[in-house]
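Residue numbers (full-length UniProt numbering), protein chains in the order written: chain A, 1 to 276; chain B, 1 to 276. Cβ coordinates follow ideal geometry from the N, Cα and C atoms, glycine included. As the structure is a prediction and not an experimental result, all values here were calculated from the model.
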DNA sequence: GAGTGGTCTAGACCACCGG
DNA sequence: CGGTGGTCTAGACCACTCG
């Protein structure tokens, strides 16, 4: 019976209970590791493992030389990646390809959140395997020069806090045709509309999701420390009227504060409106 | 410069490199912790942290009293939760509400995987908050008796290996009308079709995704040890012709071996066919 | 300079697995 | 039985933050 609960799990459960019943309110600092060591009469490593559990559960965020703090109550920001956006009629407030570009800020406003994005950073770089696959670029032998792609990257914030990272990849030839892609500035009319005016109508897309450990860059941006939660990765490959892939957009979300949502068919309007 | 890489990260990177270049092929056992301790001249805890990194990255699976093994090359099984399934014409092979029920096995076959599901386990239980919210059941004060719901749970396997867990929730009144929901047996014609024959036509749904740490039950089912990767949770709330929510299906996927996919509009047929 | 968490060591005991 | 990983201890030093 009971399966021998390790001490660090027990400690984590106790702290969790304190967080859930409000003894440790949101944003409060946890007892320091030293205090916990004394309180429980265990060694420092055991406490670290306990706190680590909570970090992985998203209940606690640790700032390395300051302390561990109860995570803000996840008033989740919902990204609606809606379906009904491919030339069919668009219900009011449901922009094209939700979650991308300017649709992101519109979505946030509907949910009474303030959102902003950094200026796009544009880089021309050697294509990596997954990007090549998605954009339909033939693989090259190792050692051969790799084809180049344009990457447009943005950092996105909600209520001033880091929310997601977005990288869009385009073939270099396309960017030469559609030069606004090379400028480090928002595309006023939206990327999808702009590319349409350049002859690439987005007629379909494929969305793929996965969860994975954050990279170092993502850890820094989200202000997380190692060993905390996984991020959600969303890859959207967009196809034009010739059935050719012409854009790959990769968005990385910090979970807990984000929900990814799709809506299909008829649902009550309250579902659209509600933010969680 | 270089930001002081901890030793355990360095060791993890070395092992990772060995996995990626094939020195440690899939399913091979890693050097034991003792061997790694000797090889690197570090203490056991440092090795454990290194291996833990790899576990969280999904590169390694540890079986407690046997050893750590290189994870099988993620030949990812792609669950296509397609859009074009709401009464519009269905392209061949794209069943209704992909990823659910029998559509799951059909999807697997298209990708040349063998899939099977356990017999549904049916339970009548007190509704929890999130289930009530989704099914549109009014909240009750704490202490009051909670309304009851029917839960149908299935374990799903691909190529004999645990793939996902699925729980569908229904209001008890609905299950009384539609009694097949109470039987611990597959519903031959599919749940959606069956409920349609009971007067609930699925006219829309909302999908929400999140990533989180696995529960104890999920750890056991997936054969993971604590501190390994996050799982992907997919919640689908289905609405009927009156705009009432009548079903909540929660599916938990082991990441790495699963990709969740949506397709909208026109994409080349190869995209439908390919398994990654 | 005091306080924080991050890394690391060199031991220990345990539970479980296999032959 | 020997070998494995899981837990745990009681120290240590470091880097960073803050007053």
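Give the straight-line distance between the Cα atoms of residue i and residue j, rounded to the nearest whole angstrom.
{"i": "residue 182 (chain A)", "j": "residue 56 (chain A)", "result": "39 Å"}
{"i": "residue 267 (chain A)", "j": "residue 172 (chain B)", "result": "22 Å"}
{"i": "residue 249 (chain B)", "j": "residue 128 (chain B)", "result": "14 Å"}
{"i": "residue 131 (chain B)", "j": "residue 255 (chain B)", "result": "24 Å"}
{"i": "residue 160 (chain B)", "j": "residue 115 (chain B)", "result": "7 Å"}
{"i": "residue 158 (chain A)", "j": "residue 29 (chain B)", "result": "44 Å"}
{"i": "residue 258 (chain B)", "j": "residue 78 (chain B)", "result": "6 Å"}
{"i": "residue 188 (chain B)", "j": "residue 64 (chain B)", "result": "40 Å"}
{"i": "residue 176 (chain B)", "j": "residue 124 (chain B)", "result": "12 Å"}
{"i": "residue 40 (chain A)", "j": "residue 66 (chain A)", "result": "21 Å"}
{"i": "residue 292 (chain A)", "j": "residue 228 (chain A)", "result": "The displayed coordinates of chain A run from 1 to 276. Any statement about residue 292 (chain A) would go beyond what the structure contains."}
{"i": "residue 200 (chain A)", "j": "residue 174 (chain A)", "result": "10 Å"}
{"i": "residue 121 (chain B)", "j": "residue 273 (chain B)", "result": "32 Å"}
{"i": "residue 164 (chain A)", "j": "residue 209 (chain B)", "result": "15 Å"}
{"i": "residue 14 (chain A)", "j": "residue 243 (chain B)", "result": "42 Å"}
{"i": "residue 140 (chain B)", "j": "residue 20 (chain A)", "result": "19 Å"}
{"i": "residue 237 (chain B)", "j": "residue 22 (chain A)", "result": "31 Å"}
{"i": "residue 233 (chain A)", "j": "residue 169 (chain A)", "result": "15 Å"}
{"i": "residue 318 (chain A)", "j": "residue 207 (chain B)", "result": "A query on residue 318 (chain A) cannot be resolved here, the shown segment of chain A reaching from 1 to 276 and no further."}
{"i": "residue 10 (chain B)", "j": "residue 156 (chain B)", "result": "37 Å"}
{"i": "residue 58 (chain B)", "j": "residue 212 (chain B)", "result": "15 Å"}
{"i": "residue 71 (chain B)", "j": "residue 190 (chain B)", "result": "34 Å"}
{"i": "residue 197 (chain A)", "j": "residue 264 (chain A)", "result": "28 Å"}
{"i": "residue 239 (chain B)", "j": "residue 205 (chain B)", "result": "6 Å"}
{"i": "residue 261 (chain B)", "j": "residue 235 (chain B)", "result": "14 Å"}
{"i": "residue 202 (chain B)", "j": "residue 192 (chain B)", "result": "7 Å"}
{"i": "residue 154 (chain B)", "j": "residue 231 (chain B)", "result": "17 Å"}
{"i": "residue 107 (chain B)", "j": "residue 167 (chain A)", "result": "30 Å"}
Taking C-beta pairs closer than 8 Å, name the residues in chain A that residue i reaches, listed in chain order.
{"i": "residue 261 (chain B)", "result": "206, 207, 208, 209"}
May I ask you to report which of helix, strand or coil DSSP gives residue i?
{"i": "residue 171 (chain A)", "result": "strand"}
{"i": "residue 232 (chain A)", "result": "strand"}
{"i": "residue 52 (chain B)", "result": "helix"}
{"i": "residue 203 (chain B)", "result": "coil"}
{"i": "residue 116 (chain A)", "result": "strand"}
{"i": "residue 19 (chain B)", "result": "helix"}
{"i": "residue 7 (chain A)", "result": "helix"}
{"i": "residue 183 (chain B)", "result": "coil"}
{"i": "residue 78 (chain B)", "result": "strand"}
{"i": "residue 263 (chain B)", "result": "strand"}
{"i": "residue 111 (chain A)", "result": "coil"}
{"i": "residue 85 (chain A)", "result": "Confidence is the limiting factor: at residue 85 (chain A) the pLDDT is only 44, short of 50, which leaves the residue's position unreliable, though a coordinate-based value still follows. The answer is coil: DSSP assigns residue 85 (chain A) none of H, G, I, E or B."}
{"i": "residue 224 (chain A)", "result": "coil"}
{"i": "residue 35 (chain A)", "result": "helix"}
{"i": "residue 292 (chain B)", "result": "No information on residue 292 (chain B) is available, as it lies outside the stretch 1 to 276 that chain B covers here."}
{"i": "residue 46 (chain B)", "result": "helix"}
{"i": "residue 105 (chain A)", "result": "helix"}
{"i": "residue 274 (chain B)", "result": "coil"}
{"i": "residue 130 (chain A)", "result": "helix"}
{"i": "residue 189 (chain B)", "result": "coil"}
{"i": "residue 96 (chain A)", "result": "Per-residue confidence for residue 96 (chain A) stands at a pLDDT of 44, beneath the threshold of 50, marking its modelled position as unreliable; the derived number appears in the next sentence. Of the three classes helix, strand and coil, the one that applies to residue 96 (chain A) here is coil, per DSSP."}
{"i": "residue 178 (chain B)", "result": "coil"}
Just the chain B side, please: which residues come within less than 8 Å of residue i by C-beta, in chain order?
{"i": "residue 243 (chain A)", "result": "266, 267, 268"}
{"i": "residue 255 (chain A)", "result": "210, 211, 212, 230"}
Any idea which residues DSSP pairs residue i with across the strands?
{"i": "residue 248 (chain B)", "result": "B:169, B:237"}
{"i": "residue 61 (chain B)", "result": "B:69"}
{"i": "residue 26 (chain A)", "result": "Its beta-bridge partners do not exist; DSSP assigns none."}
{"i": "residue 210 (chain A)", "result": "A:233"}
{"i": "residue 162 (chain B)", "result": "B:157"}
{"i": "residue 125 (chain B)", "result": "B:149"}
{"i": "residue 253 (chain A)", "result": "A:164, A:232"}
{"i": "residue 258 (chain B)", "result": "B:77"}
Which residues in chain A sit within 7 Å of residue i, going by Cβ to Cβ distance?
{"i": "residue 51 (chain B)", "result": "Here the premise fails: no neighbours, minimum Cβ distance about 13 Å."}
{"i": "residue 124 (chain B)", "result": "None at all; the shortest Cβ gap to chain A is about 26 Å."}
{"i": "residue 271 (chain B)", "result": "206"}
Taking Cβ-Cβ distances shorter than 9 Å, what residues in chain A pair up with residue i?
{"i": "residue 213 (chain B)", "result": "53, 56, 57, 58, 229, 230"}
{"i": "residue 42 (chain B)", "result": "Going along chain A, no residue has its Cβ under 9 Å from residue 42 (chain B), so there is no contact; the nearest lies around 15 Å."}
Identify the contact partners of residue i in chain B, using a Cβ-Cβ distance below 9 Å as the criterion.
{"i": "residue 191 (chain A)", "result": "Going along chain B, no residue has its Cβ under 9 Å from residue 191 (chain A), so there is no contact; the nearest lies around 17 Å."}
{"i": "residue 46 (chain A)", "result": "The premise fails here: residue 46 (chain A) is roughly 12 Å from chain B at the closest Cβ pair, so nothing lies under 9 Å."}
Show which residues of chain B have a CB atom less than 7 Å away from the CB atom of residue i.
{"i": "residue 203 (chain A)", "result": "265, 266"}
Inset, instruction - Using a Cβ-Cβ cut-off of less than 7 Å, give me the residues of the segment 218 to 242 of chain A that come near chain B, in sequence order. - result: 229, 230, 232, 239
Inset, instruction - For the segment 27 to 40 of chain A, enumerate the residues whose C-beta is nearer than 8 Å to any C-beta of chain B, in chain order. - result: none
Inset, instruction - Using a Cβ-Cβ cut-off of less than 9 Å, give me the residues of the segment 154 to 184 of chain A that come near chain B, in sequence order. - result: none
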